[in-house]
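Enquirer: The sequence shown begins at 43 in my numbering and counts up by one. Cβ atoms here follow ideal geometry from the backbone N, Cα and C, with glycine treated the same way.
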Amino acid sequence: LVKDVKPGLKNLNLIFIVLETGRVTKTKDGHEVRTCKVADKTGSINISVWDDVGNLIQPGDIIRLTKGYASVFKGCLTLYTGRGGDLQKIGEFCMVYSEVPNFSEPNPEYVAQQSQSKG
């Protein structure tokens, strides 16, 4: 469940509904990345999706994430697809979800942890 996601967790298997797809950003090496807001019944979180996968995901899609991991990006908890991981569309629209709490809201604790680990 989204509420159980913590920074550093690996091999996450979650099912969520896509609420919003963010705009595409191009990396220096030509890859496309976008951040999507996703949710299950326990809350919402952001996930970073790369290249073609990002183009396929639409709001309302119900997605199964396998072998995902969680990390902090700019002070915000974010999901990623791990190596050998997968995002698979398993349905549309019919899923109970809650946007609150949003676990990707900037978290002062994560910001402090990040700045300590860089020092």
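1) Anyone know if the C-beta pair for Ala112 and Leu51 falls short of 7 Å?
2) Distance, Cα to Cα, Gly117 vs Gly133?
3) Answer with buried or exposed for Leu43, where buried requires no fewer than 16 other C-beta atoms within 10 angstroms of its C-beta.
4) If we require 4 or more residues per run, which alpha helix (DSSP H) segments fall completely within the region 118-144?
5) May I have a chain-ordered list of the beta strand (DSSP E) segments no shorter than 3 residues that lie completely inside the region 54-95?
6) Can you tell me the Cβ-Cβ gap for Thr77 and Ser90, rounded? I've got them flagged as a contact below 8 Å.
7) Would you please state the rounded distance, in angstroms, between the beta carbons of Glu74 and Lys68? I believe it to be under 8 Å.
Expert: So, from the listed chains and residues:
1) yes
2) 31 Å
3) exposed
4) none
5) 54-63, 74-82, 85-92
6) 6 Å
7) 6 Å
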